[in-house]
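Asks: Residue numbers (this note's numbering), protein chains in the order written: chain X, 96 to 383; chain L, 50 to 306.
Please see the structure below; I have some questions.
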Amino acid sequence: SGNQLQSWFYFWFFNATDINGKFLHQNIKNKTKKTLTRIIIRNGCVDKNFFSSENLLSLYSALFTLFCFENFSLEIYRNFQITIYNFLRKIKSQKTYRCSRFGESDPRTFFCILAISSMLNILTKNLKKNTPFYFQNSCNFDGGFGCEKMGESHGALTYCQLASLTFFSDRKFSNHIHPNFENWLIKKLKPFEFGIQGRLTKLPDSCYLFWIGGISIICCFLFPIEFLNIILFCKEKKTQGFCDQIGKIPDLYHTCYSLCGLAFLNFTEKKLKFFKEIILKKNKKKIF
Amino acid sequence: MAASPPIYLEAMEWDDTQPIPQDDGPDPVVLINYSVEFVEVMGYLRAVLEKNEKSPRALSLTERVIGLNAANYTVWGFRRECIDALGLDWADELLWVTELAPDNPKNYQIWHHRRCCLKKLGGHPDELEFLDDFLTDEDLDDGKNYHAWAHRQWVIKEYNLWEGELAFLDRMLELDARNNSAYNQRFYVMKHTTDMSVAVREREIEWVLAQIAQIPNNDSAWAYLRGMAEGFSLSTFEPIKKAAAALCARDPPPPPP
Numbered sequence: 096s097g098n099q100l101q102s103w104f105y106f107w108f109f110n111a112t113d114i115n116g117k118f119l120h121q122n123i124k125n126k127t128k129k130t131l132t133r134i135i136i137r138n139g140c141v142d143k144n145f146f147s148s149e150n151l152l153s154l155y156s157a158l159f160t161l162f163c164f165e166n167f168s169l170e171i172y173r174n175f176q177i178t179i180y181n182f183l184r185k186i187k188s189q190k191t192y193r194c195s196r197f198g199e200s201d202p203r204t205f206f207c208i209l210a211i212s213s214m215l216n217i218l219t220k221n222l223k224k225n226t227p228f229y230f231q232n233s234c235n236f237d238g239g240f241g242c243e244k245m246g247e248s249h250g251a252l253t254y255c256q257l258a259s260l261t262f263f264s265d266r267k268f269s270n271h272i273h274p275n276f277e278n279w280l281i282k283k284l285k286p287f288e289f290g291i292q293g294r295l296t297k298l299p300d301s302c303y304l305f306w307i308g309g310i311s312i313i314c315c316f317l318f319p320i321e322f323l324n325i326i327l328f329c330k331e332k333k334t335q336g337f338c339d340q341i342g343k344i345p346d347l348y349h350t351c352y353s354l355c356g357l358a359f360l361n362f363t364e365k366k367l368k369f370f371k372e373i374i375l376k377k378n379k380k381k382i383f
Numbered sequence: 050m051a052a053s054p055p056i057y058l059e060a061m062e063w064d065d066t067q068p069i070p071q072d073d074g075p076d077p078v079v080l081i082n083y084s085v086e087f088v089e090v091m092g093y094l095r096a097v098l099e100k101n102e103k104s105p106r107a108l109s110l111t112e113r114v115i116g117l118n119a120a121n122y123t124v125w126g127f128r129r130e131c132i133d134a135l136g137l138d139w140a141d142e143l144l145w146v147t148e149l150a151p152d153n154p155k156n157y158q159i160w161h162h163r164r165c166c167l168k169k170l171g172g173h174p175d176e177l178e179f180l181d182d183f184l185t186d187e188d189l190d191d192g193k194n195y196h197a198w199a200h201r202q203w204v205i206k207e208y209n210l211w212e213g214e215l216a217f218l219d220r221m222l223e224l225d226a227r228n229n230s231a232y233n234q235r236f237y238v239m240k241h242t243t244d245m246s247v248a249v250r251e252r253e254i255e256w257v258l259a260q261i262a263q264i265p266n267n268d269s270a271w272a273y274l275r276g277m278a279e280g281f282s283l284s285t286f287e288p289i290k291k292a293a294a295a296l297c298a299r300d301p302p303p304p305p306p
């Protein structure tokens, strides 16, 4: 089995370049596409020996790297659909999904399943069966979500839960949001400590620009443009990469998610401008 | 093409097996520069997995692999299968994985493996003590380790070890009054050992208000207070009324217009 993080390196790198709009030589894109396509599926099923033996998280990162590129031919796409659907059925336990045959299950796995099957257009009733129970009472006393019921509320795990909820259009799921949820989220924004934290009283980390910022975007909560400053300060001078806190060593993971956070801030700013313009136009109409 | 005999593994032990090389495809991108030992050990692991060989040498091979890359999912699952197949003692396995804990505190697989061992054993008397030591270890300095707390929650619930938990949490808060994991755990204990009646909540609110009095900007304490008062109007609780009155006396609110 290959190095566990390998597929994630691919994902962080290509996602970051994709968001940044950086030009990548077609050669690199083709090579990566070929390697990943060939390796994800081998002998008619998800490859056991690459990317840590049929592990859901690795599969997620490998697939989403591929989705950064152009679309595949119908034949390859269909092959992916069938093979990966079989794999997803295999790792479903009673009310939730495991990471792999031997693995753990937590909000990350559930989100990956929904994201993968939705992208490949294979999100069937069978895959969703019994899983809505997963949300019932799964949030913590303070409104956030942890790895299991009453596990400490964690930014990234809450993101996975929230994002999973968006795949279910059933209105009753909004009942699973705790009344204190917005307050919990806002509390993670720490302008004085110059960052966003993932858990209360912990140090801020630039990757939470994505996890917490993402929740803000989904729920249309506050996400101030001032947090752009964190991105600027977490950018390391020599390599221009991003690190988790000011002055630390940059890495791919934080670079990828800082750039995602930047994209979110850009989105919020544009939305704000758009609405300001509308209000301005409305006011003008009133005057004249 | 016969492979050369292994350098890091015992050649005599493995002379009947051909290692299977990693197949990155014909034209790989971003090849990782693995060490020679890693390549060799992984090659033999792939061979053993292919044959589904659950032997003593396979078991010691899994130990080698884990030593080089503890995040490899496959090897942990396969190791558990080997232990079952060989009929070995899970208590020994628990001891072995305990040795690994300090070097890999944030590794999902190790904690998951621990949980599997405990499930096989039906619990272990020293488990809570291990967690106590882990969370209060000065060198590790990881009193907020997410995996450790999640594991602790499972252990306590599974084996009914609620007694003494509050005392431990008091100790944790003495070490770090802002430990959000400890506050979360306290709520967990309260939820499972009490009926969360108004009386219980009031007692807890009184306790947390004392904590807030010592460190007024402790976010975790405020969150705990809010959680305890959830679903009730704030004026239900005497301690809150008293604290609010005291605040108003010290810092009178502006008169209504």
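Where a beta carbon is used, it is the ideal one built from N, C-alpha and C, also for glycine.
Source: prediction; values computed, not measured.
Is the region 241-252 of chain L touching the region 265-275 of chain L, taking contact as three or more C-beta pairs under 8 Å?
Replies: no
Asks: Using a C-beta cutoff of 8 Å, does residue 246 (chain X) count as contacting chain L?
Replies: The residue given as residue 246 (chain X) occupies position 151 in the first sequence. It does; some Cβ of chain L falls within 8 Å.
Asks: Among the candidates L:122, L:299, L:228 and L:113, whose CA atom is the shortest distance from the CA of residue 268 (chain L)?
Replies: Numbered from its first residue, the second sequence carries residue 268 (chain L) at position 219. Of the listed residues, the one whose Cα sits closest to residue 268 (chain L) is L:228.
Asks: By a C-beta neighbour count over all protein chains shown, 10 Å radius and 16 as the cutoff for buried, is residue 120 (chain X) buried or exposed?
Replies: Counting from 1 along the first sequence, the entry for residue 120 (chain X) is found at position 25. With fewer than 16 Cβ atoms within 10 Å of its Cβ, residue 120 (chain X) is classed as exposed.
Asks: So with CB distances below 7 Å, who are the chain X contacts of residue 227 (chain L)?
Replies: Here residue 227 (chain L) refers to the residue found at position 178 when the second sequence is read from its first residue. Correct list: 296.
Asks: By the criterion of Cβ-Cβ separation under 7 Å, what are the contact partners of residue 195 (chain X) in chain L?
Replies: To locate residue 195 (chain X), count along the first sequence from 1; it is residue 100. By Cβ distance, chain L contributes 122.
Asks: Please say whether residue 311 (chain X) and residue 329 (chain X) have beta carbons closer to each other than 8 Å?
Replies: The residue labelled residue 329 (chain X) in the question sits at position 234 within the first sequence. The residue labelled residue 311 (chain X) in the question sits at position 216 within the first sequence. Cβ atoms of residue 329 (chain X) and residue 311 (chain X): not closer than 8 Å.
Asks: Within 8 Å (strictly less), CB to CB, does residue 193 (chain L) reach chain X?
Replies: The residue given as residue 193 (chain L) occupies position 144 in the second sequence. It does: the Cβ of residue 193 (chain L) has a partner Cβ on chain X nearer than 8 Å.
Asks: Taking DSSP as the reference, what is the three-state secondary structure of residue 242 (chain X)?
Replies: Stepping through the first sequence from its first residue, residue 242 (chain X) is reached at position 147. Looking at residue 242 (chain X) - three-state DSSP - the assignment turns out to be coil, as it is neither helix nor strand.
Asks: What does DSSP give as the partner residue(s) for residue 337 (chain X) in the beta ladder?
Replies: Here residue 337 (chain X) refers to the residue found at position 242 of the first sequence. Beta-bridge pairing links residue 337 (chain X) to X:330.
Asks: To which residues of the same chain is residue 349 (chain X) closer than 7 Å at the C-beta, ignoring the five residues directly before and after it?
Replies: Position 254 of the first sequence, counting from 1, holds the residue named residue 349 (chain X). Here the set comprises 301, 302, 337, 338 and 339.
Asks: Between the region 184-200 of chain L and the region 157-172 of chain L, can you find at least three pairs of beta-carbon atoms closer than 8 Å?
Replies: yes
Asks: Is there a Cβ from chain C that is less than 8 Å from the Cβ of residue 282 (chain X)?
Replies: Chain labels in this structure do not include chain C; the protein chains are X and L.
Asks: Would you call the region 192-206 of chain X in contact with the region 120-127 of chain L, where contact means no fewer than 3 C-beta pairs closer than 8 Å?
Replies: yes
Asks: Reducing DSSP to helix, strand and coil, say where residue 195 (chain L) ends up.
Replies: Mapped onto the second sequence, residue 195 (chain L) falls at position 146. In the structure shown, residue 195 (chain L) sits in a helix (DSSP, three-state: H, G or I).
Asks: Output the boundary residues of the alpha helix (DSSP H) element that contains residue 217 (chain L).
Replies: Reading the second sequence from its first residue, position 168 is the one you call residue 217 (chain L). Taken as a continuous stretch (DSSP letters only), the alpha helix (DSSP H) holding residue 217 (chain L) covers 214-224.
Asks: Short of 8 Å in beta carbon distance, which residues of its chain neighbour residue 356 (chain L), apart from the five on each side in sequence? Order them along the chain.
Replies: The structure shown does not extend to residue 356 (chain L), since chain L spans only 50 to 306, so no value can be given for it.
Asks: What separation, rounded to the nearest whole angstrom, lies between the Cα atoms of residue 57 (chain L) and residue 262 (chain X)?
Replies: Within the second sequence, numbered from 1, the residue matching residue 57 (chain L) stands at position 8. Within the first sequence, numbered from 1, the residue matching residue 262 (chain X) stands at position 167. Rounded to the nearest whole angstrom, the CA to CA distance from residue 57 (chain L) to residue 262 (chain X) is 50 Å.
Asks: Let me see if you follow: with CB-CB separation under 8 Å, is residue 284 (chain L) close to chain X or not?
Replies: The sequence position of residue 284 (chain L) within the second sequence is 235, counting from 1. Cβ-Cβ to chain X under 8 Å: no for residue 284 (chain L).
Asks: Starting from residue 120 (chain X), find everything on chain L with Cβ-Cβ shorter than 8 Å and list it in chain order.
Replies: The residue labelled residue 120 (chain X) in the question sits at position 25 within the first sequence. In chain order: nothing, as chain L lies at least about 11 Å away.
Asks: Excluding the five sequence neighbours on either side, which residues of its own chain have a C-beta within less than 6 Å of the C-beta of residue 270 (chain L), listed in chain order?
Replies: The residue given as residue 270 (chain L) occupies position 221 in the second sequence. These residues qualify, in order along the chain: 257, 260 and 261.
Asks: For the alpha helix (DSSP H) holding residue 250 (chain X), just list the boundary residues, first then last.
Replies: Position 155 of the first sequence, counted from the start, is the residue given in the question as residue 250 (chain X). Residues 250-260.
Asks: Answer yes or no: the CB of residue 215 (chain L) versus the heavy atoms of the ligand NAP, is any distance below 7 Å?
Replies: Here there are no bound small molecules, and the ligand NAP is not part of this structure.
Asks: Exposed or buried, residue 246 (chain X), counting other C-beta atoms within 10 Å across all chains shown (16 or more means buried)?
Replies: To locate residue 246 (chain X), count along the first sequence from 1; it is residue 151. By the 10 Å Cβ count, residue 246 (chain X) comes out buried.
Asks: I believe residue 318 (chain X) touches residue 359 (chain X) by the beta-carbon criterion, under 8 Å. Please report the beta-carbon distance rounded to the nearest angstrom.
Replies: Here residue 318 (chain X) refers to the residue found at position 223 of the first sequence. Here residue 359 (chain X) refers to the residue found at position 264 of the first sequence. Their Cβ separation, rounded to whole angstroms, is 7 Å, which keeps residue 318 (chain X) and residue 359 (chain X) in contact under 8 Å.
Asks: Under 8 Å, with one C-beta from each stretch per pair, do the region 284-298 of chain X and the region 213-224 of chain L reach the 3-pair mark?
Replies: no
Asks: Relative to the C-alpha of residue 107 (chain L), which candidate in L:296, L:90 and L:118 has its C-alpha closest?
Replies: Taking the first residue of the second sequence as 1, we reach residue 107 (chain L) at position 58. Of the listed residues, the one whose Cα sits closest to residue 107 (chain L) is L:90.
Asks: When you compare only the Cα positions, how much space is there between residue 147 (chain X) and residue 127 (chain L)?
Replies: Taking the first residue of the first sequence as 1, we reach residue 147 (chain X) at position 52. Taking the first residue of the second sequence as 1, we reach residue 127 (chain L) at position 78. Residue placement at residue 147 (chain X) is flagged as unreliable, the pLDDT there being 48, under the threshold of 50; a coordinate-derived value is accordingly withheld.
Asks: Quick check: what's the CA-CA separation for residue 168 (chain X) versus residue 213 (chain X)?
Replies: Taking the first sequence and counting its residues from 1, one reaches residue 168 (chain X) at position 73. Taking the first sequence and counting its residues from 1, one reaches residue 213 (chain X) at position 118. Each residue's Cα considered, the two are about 18 Å apart.
Asks: Quick check: the Cα distance between residue 216 (chain X) and residue 176 (chain X), rounded to an integer number of angstroms?
Replies: Along the first sequence, read from residue 1 onward, the residue named residue 216 (chain X) stands at position 121. Along the first sequence, read from residue 1 onward, the residue named residue 176 (chain X) stands at position 81. Roughly 8 Å between the two C-alpha positions.
Asks: Cβ closer than 8 Å: which chain L residues qualify as neighbours of residue 249 (chain X)?
Replies: Position 154 of the first sequence, counted from the first residue, corresponds to residue 249 (chain X). 195, listed in chain order.
Asks: Could you tell me whether the Cβ of residue 50 (chain L) comes closer than 8 Å to any Cβ of chain X?
Replies: If you number the second sequence from 1, residue 50 (chain L) lands on position 1. Because the pLDDT at residue 50 (chain L) is just 43, under 50, the model does not fix this residue reliably, and the value given afterwards should be weighed accordingly. Output row for residue 50 (chain L): interface = no.
Asks: Identify which residue in X:368, X:136 and X:109 has its Cα closest to the Cα of residue 123 (chain X).
Replies: As a working mapping, residue 123 (chain X) is identified with position 28 in the first sequence. The residue among X:368, X:136 and X:109 with its C-alpha nearest the C-alpha of residue 123 (chain X) is X:109.
Asks: Within 10 angstroms of its Cβ, does residue 293 (chain L) collect 16 or more other Cβ (buried), or is it exposed?
Replies: Walking along the second sequence from the start, residue 293 (chain L) turns up at place 244. Residue 293 (chain L) is exposed by the Cβ-count criterion.
Asks: Who are the near neighbours of residue 345 (chain X) in its chain, counting only those whose CB is closer than 6 Å to its CB and skipping five residues on each side?
Replies: Taking the first residue of the first sequence as position 1, residue 345 (chain X) is located at position 250. Excluding residues within five positions, the ones whose Cβ falls inside 6 Å are 331, 334, 336, 337 and 338.
Asks: Using only the alpha-carbon positions, how far apart do residue 185 (chain X) and residue 372 (chain X) sit?
Replies: Position 90 of the first sequence, counted from the first residue, corresponds to residue 185 (chain X). Position 277 of the first sequence, counted from the first residue, corresponds to residue 372 (chain X). Approximately 51 Å, taken between the alpha carbons.
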